[in-house]
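Residue numbers (our numbering): 1 to 340.
No residue lacks a Cβ here, since even glycine has one placed at the ideal position from N, Cα and C.
This one's a predicted model, so the numbers in the text were calculated from it and none came from an experiment.
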Amino acid sequence: MKREALTVKGKIPEKVRVSLGSAIVLGLLNGKLDAAPTTAYLMTYRSDKCLANCGFCPQARKSQGRADMLSRVSWPAFATTRVLNGLEETVKKGKIRRVCIQALNYPEVFTHLQSLVQMVSQYVKVPVSVSCQPLNPENIRQLAEAGAERIGIPLDAATEEIFDKVKGNLAGGPYDMKRQTALLQEAVKVFGKGKVSTHLIVGLGETEREMVVMIQKCVDMGVLPALFAFTPVAGTTLENHKQPPIQQYRRIQLARHLIFNKMARIEAMSFDGESHITSFGVDKQTLKRIIRSGEPFLTSGCPNCNRPYYNEKPSGPIYNYPKPMSREETIKATEELGII
Ligand code: SF4
């Protein structure tokens, strides 16, 4: 059957957005990359903005930001068939090892997602992650049936209060943290432990302890927490909010690494009066070894997801390193941690 004729309860979206770096790797645009993405990042296309209103997002309903932006990355739109052809070639060459489809919130989004997931997994033979806001457990099952290997349901905020303010009721958005958490639990039943992710944004006003509590909660639910650093984007509600201090981000990265790899739990960690992490619940030698490996400071998320320069300007500070760190970079990260 021809790609153009494939349908899943509807028609395949004609266009799909592709992150700038992914578009260069897929041969859709010319350009040089300092760090190439190893996952191809796609986003559902619609000419209007998202129906939700997250304060950090240029796609939000009331944002004055550019409609082709997400975080600090631009996402030009291309014909879906061109994108599939590019994917087929780059996956064969081993340059792309995962596809991540991110979704805006609009009425037909799940039909679009199902079609895209089915087409990519059927024709390209590459694991597919979907990052979306399902309305109900049925949406989650439909995506699994369409062939998604993993699902990400972003919580973004560490606490209910911040969630409500930034993307829930108080922001004029449709989301509710309890419902999102219940959907994450449902997703674990469908996809299995370790096959469900969530995005957490550091720097929305939470304390370090609050973020670590949320990381532990996610891991205990069988959900993989992927860390992002808050990034102000022009035209959004939070355009004047600052990025988190790099020291705070490094400590949270290290705590996430230890908790996710079951090397420590929050109960063994210590915090000072301002809720900064002061010890990580492992002995000094182990801590040194882990820090020197650089692993805690790499982009976290689904396998092969490296999101180059999603949160940072190439000139730095580099919150998430997209490729193995050099010795100089590891030394710098150690200094930024300021603990050994
Ligand atoms: S961790 Fe990466 S691949 Fe996984 S859902 Fe998030 S952005 Fe997509």
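DSSP three-state call for residue 5: helix, strand or coil?
Residue placement at residue 5 is poorly supported in this model, since its pLDDT is 46, which falls under 50; the coordinates are not used for a value here.
Any heavy atom of the ligand SF4 closer than 7 Å to the Cβ of residue 152?
yes
Suppose contacts are defined by Cβ-Cβ distances below 8 Å. Is residue 221 in contact with residue 180 by that definition?
no
Tell me whether residue 150 sits in a helix, a strand or coil according to DSSP, three-state version.
strand
Output the boundary residues of the alpha helix (DSSP H) element that contains residue 252.
246–260
Spatial neighbours of residue 134 within its chain, please: CB distance less than 6 Å, with the 5 preceding and 5 following residues excluded, ordered by chain position.
140 and 183
Within 8 Å (strictly less), CB to CB, does residue 40 reach chain C?
In the structure shown, chain C does not exist; there is a single protein chain.
Where residue 126 falls: helix, strand or coil (DSSP):
coil
On the three-state DSSP scale, how would you describe residue 77?
strand
Taking the C-alpha atoms as reference points, what is the distance between residue 320 and residue 145?
32 Å
Pick from 130, 170 and 143: whose alpha carbon is nearest that of residue 114?
143
Closer than 6 Å by C-beta to residue 97: which residues in its own chain qualify, once you throw out the five before and the five after it? Chain order, please.
38 and 304
Can you tell me whether residue 293 is helix, strand or coil according to DSSP?
helix
Below 7 Å, is the gap between the Cβ of residue 97 and the nearest heavy atom of the ligand SF4?
no
Under a Cβ-count criterion, where at least 16 other Cβ atoms within 10 Å of its own Cβ denotes burial, should residue 18 be classed as buried or exposed?
buried
Buried/exposed call for residue 312, threshold 16 Cβ in 10 Å
buried
Proximity of residue 170 and residue 200 at Cβ, strictly below 8 Å:
no
Determine, using beta-carbon pairs with one atom in the region 263–277 and one in the region 224–234, whether at least three such pairs fall under 8 Å.
no
Validate contact between the region 23–43 and the region 190–209 using beta carbons, cut 8 Å, 3 pairs
no
Taking the CB atoms as reference points, tell me whether residue 290 and residue 334 lie closer together than 8 Å.
no
Cutting at 6 Å between CB atoms, please list the residues of its own chain near residue 157, excluding the five before and the five after it.
163, 166 and 204
Label residue 7 either buried or exposed according to how many other C-beta atoms from any shown protein chain fall within 10 Å of its C-beta, with 16 as the threshold for buried.
Interpretation of residue 7 is limited by its pLDDT of 41, a score under 50 that renders its predicted location unreliable; the figure taken from the coordinates is listed afterwards. Exposed: under 16 other Cβ atoms inside 10 Å.
For the beta strand (DSSP E) holding residue 43, just list the boundary residues, first then last.
39–44
Residue span of the beta strand (DSSP E) that contains residue 345, given as start and end
Look at the range of the chain in this structure, 1 to 340, and you will see that residue 345 is not part of it.
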